[in-house]
Structure formats: C-alpha cells, structure tokens
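A.B. asks:
There are 4 protein chains.
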Amino acid sequence: MCAKKVVGVLGATGSVGQRFILLLTDHPDFELKVLGASPRSAGKKYVDAVNWKQTELLPEFAKNIVVTECKAEAFKECAVVFSGLDADYAGSIEKEFKEAGLAVVSNAKNYRREVDVPLIVPIVNPEHLEIVGQKLDAAQKAGTGRPGFIVCISNCSTAGLVAPLKPLVDSFGPIELLTATTLQAISGAGFSPGVSGIDILDNIVPYIGGEEDKMEWETRKILGALSDDNSTVVNLPDEQMRVSAQCNRVPVSDGHTECISFKFKNQPPPSLEQLKKSMNEYVCAAAKLGCYSAPKQTIHVLEQSDRPQPRLDRNRDNGYGVSVGRVREDPVLDFKMVVLSHNTVIGAAGAGILIAEILLAKNFI
Amino acid sequence: MCAKKVVGVLGATGSVGQRFILLLTDHPDFELKVLGASPRSAGKKYVDAVNWKQTELLPEFAKNIVVTECKAEAFKECAVVFSGLDADYAGSIEKEFKEAGLAVVSNAKNYRREVDVPLIVPIVNPEHLEIVGQKLDAAQKAGTGRPGFIVCISNCSTAGLVAPLKPLVDSFGPIELLTATTLQAISGAGFSPGVSGIDILDNIVPYIGGEEDKMEWETRKILGALSDDNSTVVNLPDEQMRVSAQCNRVPVSDGHTECISFKFKNQPPPSLEQLKKSMNEYVCAAAKLGCYSAPKQTIHVLEQSDRPQPRLDRNRDNGYGVSVGRVREDPVLDFKMVVLSHNTVIGAAGAGILIAEILLAKNFI
Amino acid sequence: MCAKKVVGVLGATGSVGQRFILLLTDHPDFELKVLGASPRSAGKKYVDAVNWKQTELLPEFAKNIVVTECKAEAFKECAVVFSGLDADYAGSIEKEFKEAGLAVVSNAKNYRREVDVPLIVPIVNPEHLEIVGQKLDAAQKAGTGRPGFIVCISNCSTAGLVAPLKPLVDSFGPIELLTATTLQAISGAGFSPGVSGIDILDNIVPYIGGEEDKMEWETRKILGALSDDNSTVVNLPDEQMRVSAQCNRVPVSDGHTECISFKFKNQPPPSLEQLKKSMNEYVCAAAKLGCYSAPKQTIHVLEQSDRPQPRLDRNRDNGYGVSVGRVREDPVLDFKMVVLSHNTVIGAAGAGILIAEILLAKNFI
Amino acid sequence: MCAKKVVGVLGATGSVGQRFILLLTDHPDFELKVLGASPRSAGKKYVDAVNWKQTELLPEFAKNIVVTECKAEAFKECAVVFSGLDADYAGSIEKEFKEAGLAVVSNAKNYRREVDVPLIVPIVNPEHLEIVGQKLDAAQKAGTGRPGFIVCISNCSTAGLVAPLKPLVDSFGPIELLTATTLQAISGAGFSPGVSGIDILDNIVPYIGGEEDKMEWETRKILGALSDDNSTVVNLPDEQMRVSAQCNRVPVSDGHTECISFKFKNQPPPSLEQLKKSMNEYVCAAAKLGCYSAPKQTIHVLEQSDRPQPRLDRNRDNGYGVSVGRVREDPVLDFKMVVLSHNTVIGAAGAGILIAEILLAKNFI
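Protein chains in written order, with the working numbering: chain S, 23 to 387; chain Z, 23 to 387; chain P, 23 to 387; chain U, 23 to 387.
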C-alpha cells in the first residue's frame, strides 16, 4: 500500500473546516497535517484555537497540530489543500495557493464561475475534472513545472438538485424546464453568526441571499459539457434548460429537501417506471473508480408516500447518497418529486473529500 | 341595534371547535349558545368535557354550557351552526342538520365537491353564496319552508393560494399554469393525534394525505363561476387552469407558507408593478360589506427581501389578512412569489365566522 | 385629563428598544417622542435605521421619528427615558443622563448592584422606589434642582422567580433555602447575535453566562428591605436566604419556565392550600394604584397537572401576569412548583413601562 | 467462537422494539430470530407489519421474519427475550414467559418494584443480577428445571441520574439529599401517539405522568443492596436518601438533560476535584467483563462551561456513555451539575442489550 498523501485544510476552525477534519480522520488515502486559519488562531494548538461544535469529539490527532496562517509556503508538501474559507478571504488566498503550484479543492463560491475551473458534484460530473488533466498534460508537454489548480465544490442546494437529474438527462435527453423549491437546513449557514435561533424557531425564512441565482446558474454549468480541448466547461444554454429556484431556510439541522418539477425536451417523456429505474440504477463514476467515500447506492428512490425526510434519510451512505421520493406525474410540467441531500456532506466538505479521492484515482494529484 | 343571532358549534371540543368558540367570544353579531360534541362529552359542562389547548383562556361564558349531542333538534334556534366535525362524522350529521332546515358552515371536506354547495374563501369568492340566495328565493316562491343549506370552508392551503390569485385573474385574466409548494404548519392537523412531535422536530414531512389533490381541485372551484341560474358552481376547466401542488409539513405552529409560480393565459403578462398594485389595492367584498372580521388590508404586499415569515406575519389583520412577498419574475413561468396565510383563521374556523357574517349581511340567515 | 408625559427610548433599534416602542404605542400616560441609538443610526428615520423583528408591525408614529444620538441634551424634555442599551454602552450613557437630571428606567445590568439604585420587579417591590422619593424630597429641601436617577429592571429570570415568592414571604416569613432550575427562552438573548439556530435546534444549552449569579444575587436585593432613611436597599443576608440557580437555554421563543423548590425558615410550613391561596390572592401594588399595564391577576395558580406551558400561558395579562403550577410538597425542601413568566414583558421592556407608570402614580416623575 | 445465542423481541413493531432490532443487527453474541407483536401484526412479514421510523434503514435480516404472536411457545428456543411491550400488555405476557422458563429483559415498568426482580442500569448495578444467579443455583440444587426470570430496565430518566451517583456513593458514602430537574427528549414517549407536535413545538410541558415518582423510587432501589442471601434487593431507606424530581418534556429528539444538586451524608464533603476524578475514573463492571456494548468511558466529565448538550454529546460511546458537566459547588446542598444520557440507549433498548451481554458473561443465560 502506498503512503498516504499529505493534505491540508484552510479555514480549519470554521464549520466547513471542522467537517473536513472529521472526514479526514482515519482516511485511507489522506493524512491531514496542516491546518490554516486566521492570524488570530495561528500559532495556537488547534484544540485551543477552535470552538469545536461537532457531534463527534475533536479527533485526537488534530488537537495538537499547531495552526498556521493561510500561506502557500506552509502547505507546500500537501498533495491537496481543502478550503473552507469564507468568500471574503478565499479569493486572494486560493489564488496564491494555485499560483504556488498547489491543488485546491474549495468550498468557497469565488471561482465557481471561471470557465476553466471545474465546478464539481462528485457523484454527478467528475468528468469535468479532465480540465485538470488537460492542464497537467499541457504543462508536462511544455516542460514547465506541475501547475496548481482550483476545483470548486458546488453550492449545497445545487448538489442535491443535480444528482437525480444526471441519470435522467443521460437517459432521456435534456430537461427543458425545471422548478425547484428548497427547504434548507441551517447547518449550511455556518456558525458565525449563521441563522439566529429567534429567526428560525417556529418559523420559515423564505430567502437565502444569492442562493437562487447560484442554483439556477450552477446547474447549467454542472450539467454542461467540456469544450473539445477539455480546457473549459460550456454551460448549458438558457434555452436548453431554464431553471427557477425558490429557496427557504427551515428549522432543520442538517439535510436539504427540494420539491422539484421538470419537463423533458423530448416528448413524450419517459414513463414513471423508466424514470425511477434510471435513478435507481445510476452508479456514479466515483463508485466505479472504487473511491473510499463513494456511495454504494448513489440515488435511493423511496416508495413510501411520506419520504424522504431529513431526520430519517439524510445519512444514507454516510451522507453521500441522495434520496428521492414521491416521484409522480405533474399537471404542469412532466414530473414532480422530492429530493433530499445532506448539505454538509455531498453539499460541502464531504464533496471536497470525494473530489480529492477522484483526483487521486485519476492520478491528477 | 338588533339582537344577536343565536349560533351553535358542532365538534365543539376539537381543535377547530375550540377556535370557533374563541372567535365567537364577544362577537357583535352572534351569540354562541349550543355546543355539540360526541356522546362521550354530551351532558357534561363544556369546561369538564374539553381538553382546552388554546393560548387564550377558555372564555367564561362557555365554561358552563352543557354539551349536547350533535342532533338537529338541539340546535333548532340557531341561525347558523358552525361545524368543526371530523370527516368521519360530518357527512351524516351535516346532512341531518341541513334537512332539518338549518344553515351549516362547515370546515369538513365532505360536501366541498357538491356542485350546489358553495366552497368559500370569504375574502375571495363570497359571490358564490348566491347559491344560497337562489335556494331561499326558490323556497319562498314555492311557499315551502325556509330550506337548510351547507356552506363549506375551503381547505387551509387552498385559502392562502387563491387569495392573491383573485385580484390577479380579475385584473389580468386567466392563470393558465400554476405550481405551488407549501410549507404547512402543524396546527392544521388538529390534536388527536395531529402531527407527532418526533415526526416533525428537526424534520420535514413531504406529504399530507389528500392535500395536493384538494389544492388542485378546490382552486378551480373557488375561482370558477356561478351557473346562469345561480344554482351551481362551474369549476374552471382543467385546460383553463392547470395547478400542481407539492405539500410539506414543517415545524411551524401556525401559518402556511406557499412558494408559487404562475403563468397568465394572456401574453405579454402584466409588469411586476402592475401585479403588486393589483394585490395591494384589492379590497374584499366582506370589507366593503362592513363585516366585523373582514381584514382592513386583504393582501399585504411586502417589499423586504426576507418576508413574509410565519412567526412575524401570520397575525396580520387578526389572521384574516394574507401576506405576499418576493414577487419577482420567474424563468420558467411568468412570476413567482411567496404567500403566507394563517391556517386556523382564514384557512379554517376564522373563515367560517366571516362567511356567517357575510351571510348575515346578505340577509341569508 | 392631563397631557401625556413625553418619554424617550435609548437603544431604540435593539430588541429591547423595539419592545419599548411597541408597548408605548397608544399608551394613555406616555408619548414617545425621542429615539436614541448608535451614531450609525443617528440622523436616519427610525424606519430606515431599524431591522424591525416584531410580530406586530412597526407603529406608524415611530416610522418617521429621526433617530438621535444617545446624548442627554436631546432627551431633556423627557419625563422618563427607557434604556434598552447594551451593557457595553449603558454605563457611561445612563450616568450622563442621570447627572443631567433625567429619570432613567434601564434594562441594563450596570447599576443593578448600587445600593441606592432601586432594582425593581414592578409586581413585586415597587416600595423600593421610595429611594427615588427620598432623593426628590432631599433635593427639594436643599433647594437644589430636580435630581436625575436610575431605576433598574431586574434580570428576566429573576423577575419570574421573585413574583410568587413575594406573597409567600409576606404571609409565611423568610424562605431559607431555594433552588431554581430555569428553562429560558431565546428571545431574552436579543438579536445580535443572540442564540444561534444551530446551537438551539433539537438542543439544550445548560449555561447562560452570568445568569445564575444574577438570579442568586438579585433575588436577595429585590426581597430585601429599605434602610431606615429610605436611601438604600439592604439585601437579605445570605444566611436568611440561600439561593441556588441552574440556568438553561431551551428552544422556546418567549417565556421562561422555572422549576423551583424552597424551604421556609418558620416550621412547620404552611399547608399546600395556604400556599396557593396566598399566591392567588396576591394583588400587586401597581394594580392597587390603578396602573394601566398592571395585571388584573398578578399570579395565576393553575390546577391542571401539565401547566403552565410557555406557548399557552406566557401571555396572561398581556405578559404581566405570572403563572404557577404543580404546587406540591417536596421530599427535600418544603415545596416545589413551576413558575412561568414572559421574559420580554415582566422580565424586560414591559417591566420598565410598568415601573414608569408607578413612578407617575407616585408623582416621582 | 461459540454459536450466537438465539434471541427474540416482544413488541417488535413499537419504538423500543425497533431499537432492539437495530442494536441486535450484526451483534457478536446474539442472533435475533423471533419477533413478537400484536395479533394484528402476527403472520405478516416484519417489513409489512412495521411502520419503521429509525434513522438507520430497516435491516435486511429482519425484513422477512414472519411476526408471531407474543406466546411463550414461539420463543422457546430463545436464550433471552427482550420486551418492548407497552405496560398494558407486559404484565400478563412477561409473566407467562417467565413461567415458561424464559429469560425476559424488559423495558416495561410492570415488575420493576418486585423485590426479587433486579432493576438494572447496566453501567451502574449489574451486581443485582446475582438475584438471577441465586435463582439458578437454587433450581439446580433442587433439581428442578431451569427457571425463567424477569430483569427490568430502569426508567430512562433514572438511568441518567444514577450513573454518576454510583462512583460518588462508592467513594464518598451516602447521598442524603438529591434534587433533579429533568429536560427530557420526546423520543422517550414513543410513537403512538407519543408527544404531539403542537404540544412541544416552541413549548415545554412541565409534567410527565408518573415520571417523578419513578425517579424518586427507582433511584433508591438501584443504589440499594442485595439481601444477605442474594434473593432480593433492599431499597435505600428514605432517611438515607431523599430524592426530589421535577420532570419536563422539551423539544429535543434524543437525550435527557438533568440538572441535579446533592448533599453527602458525610461532612465535610469531598472537593470538586475529588468529585470529578471519581466520576472520570469510574469503569463500569460491564466494561471490565469485556461486554461488547459497554462504554469505553462510562462517565465523561466535561470542562467546557456550556456542556453537555444533547445534540452534541448524546452519542458518546454509542449512547452508552453518560456526560457530566458544570460540576460546581451549590449554595444550598453540596454540589450541582448537569448530566446528559441517551434515553433510548442507556435509558431503554440499549440498556437491555447490555444487560443481556452481562447475563451471558456471567453464564446466567
């Protein structure tokens, strides 16, 4: 067995950073050695720098790591750097890391819309990582050093949406129209300050800043195709797929529920049974590659009338599996159904880990 | 000032019955004298029969009323009987009451789909009560006695949906396509057993039995027209209005939030400003009639990006006003917006009271 | 009828400030004219400065008041200034106001422990306001100008605790030992940031910084006596009353529940019936003075086995009444019972208003 | 390795029964073969009989087990029968099973107060199982057949309370006075109907029928001693330990929080550090016996000021570990602290499994 790859985490004291640390504990491929955080935390032991707020205990191995500032120099031995940085800091820091030749897998939104930055839901579009392969090949041919790169994790609500769409468009062609109303968990908003208790107890907040635009835009990138030379992603044009999102924050700790309706371009549409079969039989590429965190069952199609439910179903396949229920015909578009995904796993830190596993399986790191 | 009309309540110990009693306390038009409940409760003082679960105290006047069985004879002096009966009992009891010449305003679903039974959201379609007027006229002409009748209150999620649609179809013509995803409060499910705590805490239940069908069907009746002779309601045909509902139960005590999208038949559609103006300026007929419970402002169009919210906005106009927010263009249909209504007021007992006030204003009782 | 007294509010944009404004709307004795907030808000109309988060709409009268900085000069026409300032600012600002001859009723903790500052739960110890009377008399005799003063509102969890204790100690003598475990609502923590949603959903936080010490200390001041010359309050000595508090934050929006046990110094203790009668018959001095906000029933002793409950009972007497239930013998001390009080009314802004009404009734303002 | 012992579950479709099934999945010592439920379920496959409501999926092995009625004959090959029956049925059924020579580990309350029935918190008083050993010895000597017996699991709130008390009384002698206020999760109330959502959302219910009496009584049995001949348990007399409980239901899914105060008989009491050390170093007998489910750390003494919290700490040691925090001196008794335990694990089904593991380790089954 090969030695584990050394990895690091940026924004290690934040909510996404804490999740990266948990998911990297006892990971078979990666060894977490470098933790970066703000200058306020740098120089302290991690256990003293962090306000740990996870349901699992702070792993022993992480306690005594001395937190460093987010400078590329400190991460130079890392095969991958996972970034849980806030958008306010991610822009410049991730750029510095990339320019220093490092591989960054980022949960921040800053570079998601760059055409040469893969925006990845690892159970959906790992083929977009070929952009990285192309960069590596080009550098090798040019005889220049190994280039750094950034891969972006999608927005959490987008991840849940596109997972079941992928096998559907593969099997039945383009989805022309799509509406999605989300009921999103509060863990997605982080800790500081996150969603205030008085704002969400016995309440719904029918607005999440920027979220609807992200879902509408990112969906068309993730389901888009690579350019011929594998150097960029070409978003689905608006006329091939129009998406409308309505995003709500609900009093749920983890797990985004999405009520979606959609219409295929090709008519007549498939049957309900074909639809369900397509999702049920979908095996994501990460599973085929044997990645450690890949879900055994990518999409769970549930037949009980009142499922999926976040409290009961969010942890399928350790949060890497997506649950779909109530698949039925829609009087307005073709079909409607309910999708549930774990926002901090497949929608954030967990996706980052699986992306890195795929990068490793493809020898891109 | 005229004497108050004597009224009664069926199903008086249940959750809807308790709300009827509260709303009838110190009512200027009605005096509640008769409380009907199951044989188990009959013969007891109301205070001893009820498990009172309201935020207001059990009104003094009701405490010592001796509960009667749900037999028409006991209610014969009532100008109106409000029914909060469960569907299991409402069918036969309400029929008996009607046949005994009584006026019944019912929250039960049993007779909602009868063509000659008005299905009323009092801030939307009180004109459908002309069916009652026509019955009374016909009886008078025929010299037969005053006929009994049933008026049905709509389903709670339907009430919130149709309220803002009414001024829109009045102003801009038919709505051809409509999708609605609801986030419904648990108070709508009653007490026994209602929604279990363990099912709804930190959770969403993406299913409410029969609810989606009710919303899709009732909307087309409420927005339908009277037949020429005012004897029946003609539902909007499916091709004039296709409705698709997705209903969810959420951990909110009171107040249904609905995320809706819709497309007008007439194109191009109105502007956003026209849309908002139409809703803001809508004055319901009950307000024009001067009914006691009618909302001062029927529809509140909110401009803050994160409103309406159930905890903050459900009590507008004592729960008789409906709040609309986030009115914006929709990439798939024409517009999308968020609607909030108080499910136990305009969606249940409160609607019944306002219907009775309208019946009184029209001299139908 | 006399003209209303002009009043002002400090910290007007915060959660306590917003509650002061609501409670002063259409108040028969007071007219709110001056709103003070941070320099960031000063100069703006209140409607533009505030992030209004109340279940009632922002009152019309307040919308166009131009917010001023918290300088005494701007409040000089105010008979009373209500302070909802954070402790970080209250110390210096309230001192300046007092020195400028203004009457300040403050929700901040800064001056609560000064021996010549009355710490008031208005339904419990308004007689401590005689300290103010003594100051006014002294100034009059000395021929100096009307002196300013500060009156402090108690901590919210203390208010609920001492309310039922007052008639008990009046009737049955000192309470020697008292334990209280609180289940406190999140509204008490304010908005910015307040309690985070992810910290309190499906959770209990068994700690509120400083709260236990406040309860243990303030209880002994509020139940203490005036010095002979009415110039200071003498706390109950520790040996006359030992209090132990355990404070928890729970997922409840409004209403503090407290499970208390206590032992009287005089043995044998009263009977259960005497205990309940004493609380039920207690009429607070504010009610006797005819104050507008005084509760009709100060303490509601409930006989149902599962009451009081915050959602059902917190609004008794508009939140000025305290509910007590489950009064029973205690195997360890003498008695145990459950107390419920509305933390933002009798435990914060509401108490301030009632204190001012008492000051007015006593001609101290 | 020995063959696994065959076991059965009574009340298999209920909430406790479902938990037994999950905990017996892939258990190294036990093989679950027989599922008993009501006549309504008997004859059906388990998957068709149950309304499965767990966060883990229904285990494959259980799906096709045909449910049987709760008759001893059907369970005769079982080394242990776990009972999750409701109290209404447990009395007669468990008696029948015992008389048929079966070993029953029951979560029902029916036999807890029998002097010859061990009432066991497996991390606290497994030595009380010697009553079973004594019965077996006696039968062997008498040459009669292997006798059946019942072992009772304690009430969930009692389990959390006694866990930290055990090392304290072992180290420092009797606890003379103890007060406990509980904040109990709703999962303890089961499904049908359990706690209603509308009763617990944004609310506290300060009453759980019978619970306080159970805590006060059971604590004195569990901490009591065996009689000289090991045939019965002798409760601690009231004068050696007086317990006062106040029980509340709170909006938490799993995990009971208890705020306790206590006073030792021996004065002066130990120091805070001695107290914490005693709890931290406690190793339960089940761990020494090497039982599969025994917690690695029986009691986790937490030093952070705001812990334990149910959402963060309830799953320590898979729910078999108990967390204690805020250990501090108490102005009224000697000490106060907060205890958190997982009510469905150490307080119900999980305790039953660990009891059976201990019975096996002691060769009592």
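Backbone N, C-alpha and C define an ideal beta-carbon position, used for all residues, glycine too.
Can you give the Cα-Cα distance for residue 294 of chain Z and residue 353 of chain Z, rounded to whole angstroms?
C.D. replies: Position 272 of the second sequence, counted from the first residue, corresponds to residue 294 of chain Z. Position 331 of the second sequence, counted from the first residue, corresponds to residue 353 of chain Z. Computed Cα separation, rounded: 14 Å.
A.B. asks: If you follow the beta strand (DSSP E) that residue 30 of chain U is in, where does it begin and where does it stop?
C.D. replies: Within the fourth sequence, the letter at position 8 stands for residue 30 of chain U. Its beta strand (DSSP E) spans residues 27-32.
A.B. asks: Should residue 315 of chain U go down as buried or exposed, given a rule of 16 or more other Cβ atoms within 10 Å for buried?
C.D. replies: The count along the fourth sequence starts at 1 and reaches residue 315 of chain U at position 293. With 16 or more neighbouring CB atoms inside 10 Å of its own CB, residue 315 of chain U falls in the buried class.
A.B. asks: Check each residue of the stretch 208-223 of chain S: if its Cβ is closer than 9 Å to any Cβ of chain P, include it; give the result in chain order.
C.D. replies: 208, 209, 211, 212, 213, 214, 215, 216, 217, 218, 219, 220, 221, 222, 223
A.B. asks: Is there at least one Cβ from chain S nearer than 8 Å to residue 293 of chain Z's Cβ?
C.D. replies: As a working mapping, residue 293 of chain Z is identified with position 271 in the second sequence. No - not a single Cβ of chain S is within 8 Å of the one on residue 293 of chain Z.
A.B. asks: Using a C-beta to C-beta distance shorter than 8 Å, which residues of chain U count as neighbours of residue 275 of chain Z?
C.D. replies: Taking the second sequence and counting its residues from 1, the one referred to as residue 275 of chain Z is at position 253. Within 8 Å Cβ-Cβ: 220, 223, 224.
A.B. asks: With residue 301 of chain P as the anchor, note down where its alpha helix (DSSP H) starts and where it stops.
C.D. replies: Here residue 301 of chain P corresponds to residue number 279 of the third sequence, with the count starting at 1. 294-302 is the span of the alpha helix (DSSP H), which, as asked, contains residue 301 of chain P.
A.B. asks: Where do the N-terminal and C-terminal ends of the alpha helix (DSSP H) with residue 359 of chain S fall, by residue?
C.D. replies: If you number the first sequence from 1, residue 359 of chain S lands on position 337. Not the alpha helix (DSSP H): residue 359 of chain S falls in the beta strand (DSSP E), residues 357-363.
A.B. asks: Candidates Z:312, Z:335, Z:348: which alpha carbon is nearest residue 327 of chain Z's?
C.D. replies: Position 305 of the second sequence, counting from 1, holds the residue named residue 327 of chain Z. Among Z:312, Z:335, Z:348, the Cα nearest to that of residue 327 of chain Z belongs to Z:348.
A.B. asks: Count the other CB atoms, across all protein chains shown, that sit within 10 Å of the CB of residue 225 of chain P; report buried if there are 16 or more and exposed otherwise.
C.D. replies: Translated into positions along the third sequence, residue 225 of chain P becomes position 203. Buried: at least 16 other Cβ atoms inside 10 Å.
A.B. asks: Return the first residue and the last residue of the beta strand (DSSP E) that residue 283 of chain Z is part of.
C.D. replies: Counting from 1 along the second sequence, the entry for residue 283 of chain Z is found at position 261. Taken as a continuous stretch (DSSP letters only), the beta strand (DSSP E) holding residue 283 of chain Z covers 278-286.
A.B. asks: Starting from the beta carbon of residue 199 of chain Z, find every residue of chain S whose beta carbon is closer than 7 Å, and list them in chain order.
C.D. replies: Here residue 199 of chain Z refers to the residue found at position 177 of the second sequence. Per Cβ cutoff of 7 Å: 354.
A.B. asks: Looking only at DSSP bridge pairs, what is residue 268 of chain P linked to?
C.D. replies: The residue given as residue 268 of chain P occupies position 246 in the third sequence. DSSP lists P:203 as partners of residue 268 of chain P.
A.B. asks: Of all Cβ atoms in chain Z, is any one closer than 8 Å to the Cβ of residue 337 of chain P?
C.D. replies: Locating residue 337 of chain P in the third sequence gives position 315, where the first residue counts as 1. Chain Z contact via Cβ: present.
A.B. asks: Using the beta-carbon count (16 or more within 10 Å), is residue 25 of chain P buried or exposed?
C.D. replies: Taking the first residue of the third sequence as position 1, residue 25 of chain P is located at position 3. Its Cβ having fewer than 16 others within 10 Å, residue 25 of chain P is exposed.
A.B. asks: Does chain C have any CB closer than 8 Å to the CB of residue 80 of chain Z?
C.D. replies: Among the protein chains in the structure shown, which are S, Z, P and U, there is no chain C.
A.B. asks: For my contact list, residue 32 of chain P and residue 105 of chain P are in at a C-beta cut-off of 8 Å; report their separation, rounded to the angstrom.
C.D. replies: Reading the third sequence from its first residue, position 10 is the one you call residue 32 of chain P. Reading the third sequence from its first residue, position 83 is the one you call residue 105 of chain P. Right, their Cβ atoms sit about 4 Å apart.
A.B. asks: Any Cβ of chain P within less than 8 Å of the Cβ of residue 205 of chain U?
C.D. replies: Locating residue 205 of chain U in the fourth sequence gives position 183, counting from the first residue. Yes, residue 205 of chain U lies at the interface with chain P (some Cβ there is under 8 Å from its Cβ).
A.B. asks: Starting from the beta carbon of residue 341 of chain P, find every residue of chain U whose beta carbon is closer than 7 Å, and list them in chain order.
C.D. replies: To locate residue 341 of chain P, count along the third sequence from 1; it is residue 319. Under the 7 Å cutoff, chain U gives no residues; its nearest Cβ is about 15 Å from residue 341 of chain P.
A.B. asks: Return no unless some Cβ of chain P is closer than 8 Å to the Cβ of residue 66 of chain Z.
C.D. replies: By one-based count along the second sequence, residue 66 of chain Z stands at place 44. Output row for residue 66 of chain Z: interface = no.
A.B. asks: Consider the Cβ of residue 75 of chain Z: report whether some Cβ of chain P lies at a distance smaller than 8 Å.
C.D. replies: Here residue 75 of chain Z is taken as the residue at index 53 of the second sequence, counted from 1. Yes, residue 75 of chain Z lies at the interface with chain P (some Cβ there is under 8 Å from its Cβ).
A.B. asks: Three-state secondary structure (DSSP) at residue 92 of chain Z?
C.D. replies: As a working mapping, residue 92 of chain Z is identified with position 70 in the second sequence. It is coil, neither helix nor strand.
A.B. asks: For chain U, is any of its Cβ atoms less than 8 Å away from the one on residue 279 of chain P?
C.D. replies: Counting from one through the third sequence, the residue named residue 279 of chain P turns up at place 257. Yes - at least one Cβ of chain U is within 8 Å of the one on residue 279 of chain P.
A.B. asks: Let me know if residue 270 of chain S comes out buried or exposed under the rule of 16 or more other beta-carbons within 10 Å of its beta-carbon.
C.D. replies: Locating residue 270 of chain S in the first sequence gives position 248, counting from the first residue. Burial call: buried.
A.B. asks: What residues from the stretch 43-58 of chain U come within 8 Å of chain S, judged by C-beta to C-beta, listed N to C?
C.D. replies: Within the stretch 43-58 of chain U, no residue has its Cβ closer than 8 Å to any Cβ of chain S.
A.B. asks: Give the straight-line distance between the Cα atoms of residue 146 of chain P and residue 306 of chain P, rounded to the nearest whole angstrom.
C.D. replies: On the third sequence, position 124 is the one that residue 146 of chain P refers to. On the third sequence, position 284 is the one that residue 306 of chain P refers to. Looking at the two C-alpha atoms, the distance is approximately 7 Å.
A.B. asks: Does the stretch 363-382 of chain S come close enough to the stretch 80-94 of chain Z that 3 or more CB-CB pairs lie under 8 Å?
C.D. replies: no
A.B. asks: In terms of residue numbering, what span does the alpha helix (DSSP H) encompassing residue 43 of chain Z cover?
C.D. replies: As a first step, residue 43 of chain Z must be located in the second sequence, where it is residue number 21. Looking at the DSSP string, the run of the alpha helix (DSSP H) that includes residue 43 of chain Z is 37-46.
A.B. asks: Roughly how far, in whole angstroms, is the beta-carbon of residue 337 of chain U from the beta-carbon of residue 77 of chain S, given that I think they are within contact range, below 8 Å?
C.D. replies: Reading the fourth sequence from its first residue, position 315 is the one you call residue 337 of chain U. Reading the first sequence from its first residue, position 55 is the one you call residue 77 of chain S. Contact holds; Cβ gap of about 6 Å.
A.B. asks: Mind checking which residues open and close the alpha helix (DSSP H) that includes residue 164 of chain Z?
C.D. replies: Locating residue 164 of chain Z in the second sequence gives position 142, where the first residue counts as 1. Counting along the chain, the alpha helix (DSSP H) containing residue 164 of chain Z begins and ends at 152-164.
A.B. asks: Quick one, which of P:329, P:325, P:302 has its alpha-carbon nearest residue 318 of chain P's?
C.D. replies: Here residue 318 of chain P corresponds to residue number 296 of the third sequence, with the count starting at 1. Nearest option by C-alpha distance: P:302.
A.B. asks: Determine the direct distance from the alpha carbon of residue 292 of chain P to that of residue 69 of chain P, and round the result to whole angstroms.
C.D. replies: Counting from one through the third sequence, the residue named residue 69 of chain P turns up at place 47. Counting from one through the third sequence, the residue named residue 292 of chain P turns up at place 270. Looking at the two C-alpha atoms, the distance is approximately 54 Å.
A.B. asks: Across which residues does DSSP place residue 172 of chain P in a beta bridge pair?
C.D. replies: Taking the third sequence and counting its residues from 1, the one referred to as residue 172 of chain P is at position 150. Answer is P:126, bridged to residue 172 of chain P.
A.B. asks: Out of S:38, S:344, S:97, S:66, point me to the one whose CA is closest to residue 128 of chain S's CA.
C.D. replies: Within the first sequence, the letter at position 106 stands for residue 128 of chain S. Closest option to residue 128 of chain S, Cα to Cα, is S:38.
A.B. asks: At a cut of 8 Å, does the stretch 219-239 of chain Z reach the stretch 242-259 of chain U through at least three beta carbon pairs?
C.D. replies: Counting C-beta pairs closer than 8 Å gives fewer than three between the stretch 219-239 of chain Z and the stretch 242-259 of chain U, which falls short of the contact rule.
A.B. asks: So, helix, strand or coil for residue 116 of chain P, using DSSP?
C.D. replies: Translated into the one-based positions of the third sequence, residue 116 of chain P becomes position 94. Of the three classes helix, strand and coil, the one that applies to residue 116 of chain P here is helix, per DSSP.
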